[in-house]
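One structure is given below, encoded as structure tokens.
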Amino acid sequence: MDPLSLIAAIAFFGYIAVVIVSITVDIITEWFRARGRIKAENSDAIAFSLAERIANKDYAKVGGVFDKTPAAATTRVVQGFFDQRTGRVVEARALASTRQPGPEVVRHHAAGRGLVVYS
Numbered sequence: 215m216d217p218l219s220l221i222a223a224i225a226f227f228g229y230i231a232v233v234i235v236s237i238t239v240d241i242i243t244e245w246f247r248a249r250g251r252i253k254a255e256n257s258d259a260i261a262f263s264l265a266e267r268i269a270n271k272d273y274a275k276v277g278g279v280f281d282k283t284p285a286a287a288t289t290r291v292v293q294g295f296f297d298q299r300t301g302r303v304v305e306a307r308a309l310a311s312t313r314q315p316g317p318e319v320v321r322h323h324a325a326g327r328g329l330v331v332y333s
């Protein structure tokens, strides 16, 4: 999965969670764990996080998702489940924070040039 395909598949989110605390791997993985049924019911679904910005470093423009997010948000991440067969995002949320993200979040997204796929 490349970031451009994923960006094209991201169309609508029910909410943007503006996180007061730092975005950490624990916050990201807990959301995935709470939705474990998605992977259990759909073997084509993969868990991902896509950074628009991490600690003020830009990675990908995720159009429309962060338009109403305060400009001060130095970290903006979309996380969700992408169905490889249909090319659609099954469920997702967007996170924005003004706090420094956890070091693992920075490292993983830098290594994946903004995209992290979780197994």
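Numbering (the numbering used here), first residue to last: 215 to 333.
For every residue, glycine included, the Cβ atom is placed at its ideal position computed from N, Cα and C.
Next item on the list: Would you list the one or two residues that DSSP bridges to F280?
Entry: DSSP lists no partner for F280.
Check: Nearest-angstrom Cα distance between R267 and V330?
Finding: In this structure, the straight-line span from the alpha carbon of R267 to that of V330 is close to 13 angstroms.
Check: Should the region 241-252 be regarded as contacting the region 283-290, the criterion being three or more beta carbon pairs within less than 8 angstroms?
Finding: Counting Cβ pairs under 8 angstroms, fewer than three are found: no touch.
Next item on the list: Quick one: grab the DSSP three-state call for V239.
Entry: In the structure shown, V239 falls within a helical segment according to DSSP collapsed to helix, strand and coil.
Checklist line | CB of S236 within 8 angstroms of CB of S311, strictly | finding: Yes. Within cutoff.
Next item on the list: Report the three-state DSSP secondary structure of R247 (helix, strand or coil).
Entry: Helix at R247.
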